[in-house]
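Chains as they are written, first to last, in the numbering used here: chain A, 1396 to 1716; chain B, 149 to 492; chain C, 210 to 545. Here is the structure we will look at, set down as structure tokens.
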């Protein structure tokens, strides 16, 4: 198993390098530093200003190969910055990106962790509930509601939620942020509710399929023949057996706990990494965007390896080799 | 070539292709049965999708009025501009100066009388455009997003998936590496990064959606090709010396079509919804419902509330997505024997 | 056995006119049609028939475990005197695993793959008895020894996939015995096992029955197993009982043409070198069952009423019944 994890880590590292290469192609070769400079300071900026901008941001090195000093090129610098988690400075306002990440991670986690837990609890419970009543009108109604819910764009949930809860009912603040924990809860309530609403359709339907597939298995019949009730069958037998698809679903969500939700954060004024991404889009801040993609895939790759390890805990039949 | 001529040609080509595909499917009893089953299970959803396709198709056929002196006098800007069949359902100068409520006779702010009082069924937007007209035109944008992206995704995924699955070895390793690299980047972030680098515009957005969307289908195709390669009759064809390309074309690709169709149906709604999010981030496509929703979001905080723009665009979007989702579910149930068995 | 004694015997399972239907090709079809069975305390009734004849659905109906969208339409089922069909859900749960237990064909898939074998037996015990976890585990260990699992204590912590097929079926039996049920329903308990293991499991069932005085409803398609274990036999064909009676009568002097055909097709019955006889045709799917006698379209002696009128029970003797027009005619002719 240790050998397996090591091999996965090596392959994961290779994937990270692939991501960095892709980003280099996209942001240095396809969109050249000059393009980036033009977008940052304006199309009609004088050539001197563009030269200046490029030099200030360290984009004035040779792209791939520097005959005088092989370690001094944009390619090497790109890989060095990312792999040492230095990340450099924002293209928009010269703030070190590391500092931004450190500031934004907290609010993102504060939003995403409760959202993630609620979402999981709601969708697994509802999925189990609907699957318990499979083949009945409860099940059909449940599936119809899910398809209905997932056909609504997340934007409408946000707009509708803000309008209804914030403006008409006046239950929670519409948006905003405060550092003190007691106030945060009031600010987080609405985005969490909206987030759960926006995702439950797809999630419940997914879990229902998993659970219905599982309830058709022979061991479920055995459990009933022993005298287990519906609830016990679902929670004690079906749920543990469905852990592999659940884990797969859960672990790939983990990177987003850190990178945050782009839509929810910017809409509700939460100063997390999602808002930071939106700022980067609006400010043509390519450096920050590159870092966000890199962090996202790094976390995703680590989460995938963690999933494989967790599989062995969820199912004694799984052996990693 | 002028844009509207190109659009007409593409529309004609697509219509011919669609007709040919339908005729072909009618001759194959399996596909015919699947089609009939689909129409039996989801008659309303199928009709709704067909209606949207029709509207989009009508909006894609446009021509310039050669001699329209009347229009010239009223609105000089429209002179020489191609107008589609949908545009022609509305008067050529169907524009006000600002917001007006549905069926209103006066502007919302300032109470100026409208040029077309009581004619705007769904009101007008900030710059006075008819909301119903814009909403109908949004259908074309939505279908272009789904269609153009699929036109990128499906051939790419088939080419990469089939060759990796069929050839195996080094090629497969390389393809697998590329796919896991792309799949490791969070979809929305990758999408944003791509559009930032490629630039905004319909083609660029669809290209970006295509690059983020092909991996899933390519994985399915690759796995399925592995399976088909080992089937007895495929092996037999190889032993008989049939050329590899011919086997792939005659035996492998037809057996992947159901996967392609299911994925296309499932992918479609996701693509249109993604564009809505991109619109909101300011990197969407002009004229899409996403843009309308984006504009409408500040209108809810105005006094009095301007609701018609948001309602029209989001309802049109919701009905299309709901219908497509239902059709997609039915397509999967009809074409995928595994899930069909599960339903038993 | 006199009629009086037969009436006096204590029934652990009593099924009267049970009909269970499934939607097939758009219509509800009775895959079990007016089936009656009884199992007395301590005896073994073998329910014999080809796959798809409805014998498993009969058993699941008795347990009230017919999978959706199947439906028990009519009839009464009594387990230890309790009316299964009207029992409240919680009461029914107490019946399952306590008054009646069930073991299944596939010991591989019938055990929960992510729970240890011990935990599954412990759950069975604790569902019906208020005992501590430690006590239940001790009992589970004892059950494992009783069903002949070597190194019982260690095996409690084994997962199903770590055991052989025979051992898994022993675990299933141990789980079924957890509450000392008066009736064990064994649905093809040896079909998925190797021949040598089959014999061991049958021997185990026989000895358990002897020691515990438990009744067994044995569901099988294997007449050889019937011979080894059954006291009485009920032969099912296409959702209906064809013939029912003591083993010696049904297997020794079968009257129903289907039973006769079934027995003639067994390798052991034919002389060496002789061709095995087979029943012409195949069992039709439920949607194509004939309207009169279900066997009429394959029956070598079918005559005029067979394909229109369903046969009723004809008593060959006090304990031996046959559902066949030809038998009724012959008996009627000899005893006017």
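Every residue, glycine too, gets a C-beta built ideally from N, C-alpha and C.
Segment limits, beta strand (DSSP E) that includes residue i
i	result
residue 232/C	220–233
residue 152/C	Because chain C is modelled from 210 through 545, residue 152/C falls outside the range shown and cannot be assessed.
residue 446/C	441–446
residue 283/C	280–288
residue 454/C	449–455
residue 211/B	210–212
residue 232/B	230–232
residue 426/C	424–429
Test item: CB-CB of residue i and residue j under 8 Å
i	j	result
residue 286/C	residue 495/C	no
residue 194/B	residue 186/B	yes
residue 1634/A	residue 1654/A	no
residue 398/C	residue 307/C	no
residue 193/C	residue 1530/A	Outside the shown range of chain C, which is 210 to 545, sits residue 193/C, and nothing can be said about it.
residue 1549/A	residue 425/B	yes
residue 1610/A	residue 1526/A	yes
residue 356/B	residue 342/B	yes
residue 381/B	residue 287/B	no
residue 1713/A	residue 1400/A	no
residue 288/C	residue 227/C	no
Beta carbon proximity, residue i to chain E, threshold 8 Å
i	result
residue 239/B	The displayed structure is made up of protein chains A, B and C, and chain E is not among them.
Cutoff 7 Å; reference residue i; Cβ partners in own chain excluding five residues on either side
i	result
residue 335/C	345
residue 1572/A	1502, 1582, 1664, 1665 and 1666
residue 361/C	350, 353 and 354
residue 1650/A	1691, 1694, 1695 and 1698
residue 474/B	190 and 193
residue 224/B	Its pLDDT being 43, under 50, residue 224/B is placed unreliably by the model, and the measurement read from it follows with that caveat. Within the same chain, residue 224/B has no close Cβ partners at all.
residue 357/C	379 and 413
Sequence-distant residues of its chain with Cβ nearer than 8 Å to residue i (five each side left out)
i	result
residue 322/C	368, 369 and 370
residue 1442/A	none
residue 1652/A	1503, 1504, 1507, 1508 and 1511
residue 206/B	232, 233 and 234
residue 1514/A	1590, 1591, 1594, 1595 and 1598
Unbroken alpha helix (DSSP H) run spanning residue i, endpoints
i	result
residue 401/B	401–428
residue 391/C	Note, residue 391/C: premise wrong, no alpha helix (DSSP H); not H, not E.
residue 331/C	326–337
residue 294/C	That residue, residue 294/C, is in no alpha helix (DSSP H); it is neither H nor E in DSSP.
residue 1503/A	1492–1527
6 Å Cβ shell around residue i - same chain, five flanking residues per side excluded
i	result
residue 1396/A	1715
residue 221/B	Summary for residue 221/B: the model assigns pLDDT 41, below 50, so the residue's position carries little reliability, and this model does not support an answer.
residue 1409/A	none
residue 491/B	Model confidence at residue 491/B stands at a pLDDT of 33, short of 50, so the residue's coordinates are unreliable; what they give is reported in the following sentence. Cβ neighbours of residue 491/B beyond the five flanking positions: none.
residue 1424/A	none
residue 1600/A	1541
residue 1537/A	1525
Practice item. Spell out a yes or no on whether the stretch 375–385 of chain C and the stretch 309–321 of chain C are touching, meaning 3 or more CB-CB pairs, one atom from each, closer than 8 Å. Key: Of all C-beta pairs linking the stretch 375–385 of chain C to the stretch 309–321 of chain C, three or more are shorter than 8 Å, placing the two stretches in contact.
Practice item. May I ask you to verify whether the stretch 427–438 of chain C touches the stretch 269–277 of chain C, counting CB pairs closer than 8 Å and requiring at least 3? Key: No, because fewer than three Cβ pairs between the stretch 427–438 of chain C and the stretch 269–277 of chain C fall closer than 8 Å, the two stretches do not touch.
Exercise for review: Give the residues from the stretch 307–319 of chain C that approach chain A closer than 8 Å (Cβ to any Cβ), ordered along the chain.
Suggested key: Closer than 8 Å at the C-beta level to chain A, one finds these residues of the stretch 307–319 of chain C: 307, 310, 311, 313, 315, 318 and 319.
Review point. Are the stretch 1576–1594 of chain A and the stretch 1504–1518 of chain A touching, with three or more C-beta to C-beta distances below 8 Å?
Key: The stretch 1576–1594 of chain A, when compared against the stretch 1504–1518 of chain A, does touch it at the 8 Å Cβ threshold.
Practice item. Could you say if the stretch 418–428 of chain B and the stretch 352–368 of chain B meet the contact criterion of at least three C-beta pairs nearer than 8 Å? Key: Segments in contact, yes.
Review point. Given a limit of 8 Å on CB to CB distance, which residues of the stretch 1669–1687 of chain A reach chain B?
Key: Contact residues of the stretch 1669–1687 of chain A toward chain B are 1672, 1673, 1676, 1677, 1679, 1681, 1684, 1685 and 1687 (C-beta to C-beta distance below 8 Å).
Check your understanding: Are three or more beta carbon pairs between the stretch 424–437 of chain B and the stretch 341–350 of chain B nearer than 8 Å?
Key -> Touching, yes, given that three or more Cβ pairs across the two stretches are closer than 8 Å.
Check your understanding: What residues in the stretch 339–350 of chain B have a beta carbon less than 8 Å from any beta carbon of chain A?
Key -> Taking 8 Å as the Cβ-Cβ cut-off against chain A, the residues of the stretch 339–350 of chain B that qualify are 340, 341, 342, 344, 345 and 346.
Practice item. Would you check if the stretch 505–519 of chain C and the stretch 527–539 of chain C touch, i.e. whether three or more CB-CB distances between them fall below 8 Å? Key: By the Cβ criterion, the stretch 527–539 of chain C is in contact with the stretch 505–519 of chain C, since at least three pairs of Cβ atoms, one from each stretch, lie closer than 8 Å.
Review point. Per the contact definition of three or more C-beta pairs closer than 8 Å, is the stretch 1532–1546 of chain A in contact with the stretch 1681–1695 of chain A?
Key: Judged by Cβ distances under 8 Å, the stretch 1681–1695 of chain A makes no contact with the stretch 1532–1546 of chain A, as fewer than three pairs qualify.
Practice item. Give, in chain order, every residue of the stretch 357–385 of chain B whose Cβ lies closer than 8 Å to some Cβ of chain A. Key: Contacts with chain A (Cβ-Cβ distance below 8 Å) from the stretch 357–385 of chain B involve no residue at all.
Review point. Using Cβ-Cβ distances below 9 Å, what residues of the stretch 327–350 of chain C are close to chain A?
Key: Residues 329, 332, 333, 336 and 337.
**Study point:** the stretch 1689–1697 of chain A / the stretch 332–341 of chain B touching (three or more Cβ pairs under 8 Å)
**Key:** A contact exists between the stretch 1689–1697 of chain A and the stretch 332–341 of chain B.
Point to revise | Contact the stretch 304–315 of chain B vs the stretch 367–381 of chain B: 3+ CB pairs below 8 Å | key: Here the stretch 304–315 of chain B makes contact with the stretch 367–381 of chain B; the two share three or more CB pairs at distances below 8 Å.
Review point. Got a sec: which bits of the stretch 1622–1637 of chain A sit with their beta carbon under 7 Å from any beta carbon on chain C, in order along the chain?
Key: Result list: 1622, 1623, 1624, 1632, 1635 and 1636.
Check your understanding: Is there contact between the stretch 1454–1472 of chain A and the stretch 1413–1428 of chain A, where contact requires at least three CB pairs shorter than 8 Å?
Key -> Yes, the stretch 1454–1472 of chain A is in contact with the stretch 1413–1428 of chain A.
**Study point:** Against chain A: residues of the stretch 272–289 of chain C by CB proximity under 7 Å
**Key:** Against chain A - using a Cβ distance shorter than 7 Å - the residues of the stretch 272–289 of chain C are 272, 274, 277 and 278.
Check your understanding: When Cβ atoms are compared, which residues of the stretch 457–482 of chain B fall closer than 9 Å to chain A?
Key -> Answer set for the stretch 457–482 of chain B: 458, 462, 465, 466, 467, 468, 469, 470, 471, 472, 473, 474 and 477.
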